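Colleague:
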């Protein structure tokens with residue numbers, strides 16, 4: 012793992028991935044992009060890690076977006092599909108992810124926060140799809156229609172005007188708000204709530220949400236039922252009700 016992206020694999024099953032270039036507001040330079048590709052792969056491949064938290068170093072920025080200087084030097088037109096690490100697009104993850112947004116999340120910063128399954132934001136955070144301000148475009152924002160109302164999405168994209176963390180919470184982009192000093196603690200507590208659930212149930216539940224955003228009602232129901240069969244047939248599916256009846260905490264085995 013590069014110094015540009017830090018990876019903390021905790022004993023409790025949580026990985027904390029930190030964009031570590033605060034002097035450039037954690038802009039998506041090549042070293043950040045390469046480090047993030049490697050971090051997501053490491054998280055997905057490690058069976059001991061069940062939830063990932065993505066955050067940025069420093070107090071000012073989660074991620075300020077693409078590296079505009081690099082774009083000028085490369086005379087970048089259409090970005091290659093594999094240029095930016097985006098779960099759900101060019102990266103496949105099977106485990107939950109939480110964005111812990113500690114400062115500005117503009118353009119590509121919004122993109123990588125949006126690509127996480129859940130979001131916790133500092134009360135000082137700001138979100139903006141600012142591409143119209145620099146003559147670029149934001150096709151990556153298309154899945155946002157499943158998260159916030161159409162007219163609010165239209166306003167955010169067409170004006171390029173940032174919104175506060177409170178506004179992001181109000182429109183449903185952010186799950187939870189936290190004071191700046193409590194951001195990671197809040198994200199860890201959120202992750203712990205997920206870890207408390209049966210691993211196969213969490214996996215099936217996450218997949219159900221993903222299927223529902225991709226398909227019509229009937230097709231999503233059929234696909235979700237199929238995705239849930241392994242969970243239903245697992246030993247954990249028997250352990251959960253048994254533990255409830257015996258008034259004790261369940262001992263999940265993930266199988």
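Residue numbers (the working numbering): 12 to 266.
The beta-carbon is built from N, C-alpha and C at its ideal position, and this holds for glycine as well.
Quick caveat, the model's predicted, so the values are computed rather than measured.
For residue 189, list the residues DSSP reports as bridge partners.
Modeller: 133
Colleague: Mind checking which residues open and close the alpha helix (DSSP H) that includes residue 60?
Modeller: Segment: none, residue 60 is in no alpha helix (DSSP H) and carries neither H nor E.
Colleague: Suppose you measure from the CA of residue 172 to the CA of residue 261; what does that come to, to the nearest Å?
Modeller: 47 Å
Colleague: Note down the Cα distance separating residue 40 from residue 246, rounded to an integer number of angstroms.
Modeller: One C-alpha to the other measures close to 45 Å.
Colleague: Spatial neighbours of residue 179 within its chain, please: C-beta separation below 7 Å, excluding the five flanking residues on both sides.
Modeller: If we look at residue 179 and ignore the five residues flanking it on each side, its Cβ neighbours are 132, 138, 185.
Colleague: Can you tell me where the beta strand (DSSP E) holding residue 111 begins and where it ends?
Modeller: Its beta strand (DSSP E) spans residues 108 to 112.
Colleague: Buried or exposed, going by whether 16 or more other CB atoms sit within 10 Å of the CB of residue 29?
Modeller: Buried, because 16 or more other Cβ atoms sit within 10 Å of the Cβ of residue 29.
Colleague: Would you tell me roughly how many angstroms separate the C-alpha atoms of residue 235 and residue 80, rounded to the nearest one?
Modeller: 44 Å
Colleague: Identify, in the order they occur along the chain, each residue of the same chain with its Cβ nearer than 8 Å to the Cβ of residue 206, setting aside the five sequence neighbours on each side.
Modeller: 23, 24, 25, 61, 62
Colleague: Per DSSP, what are the beta-bridge partners of residue 72 in this structure?
Modeller: 115, per the DSSP bridge assignment.
Colleague: Could you tell me whether the Cβ atoms of residue 48 and residue 76 are closer together than 8 Å?
Modeller: no
Colleague: CB residue 198 to CB residue 242, shorter than 8 Å?
Modeller: no
Colleague: Assuming residue 32 contacts residue 15 (C-beta within less than 8 Å), just tell me the rounded distance between them.
Modeller: 6 Å
Colleague: Across which residues does DSSP place residue 16 in a beta bridge pair?
Modeller: Per DSSP, 30.
Colleague: Go ahead and pull the three-state DSSP assignment for residue 138.
Modeller: strand
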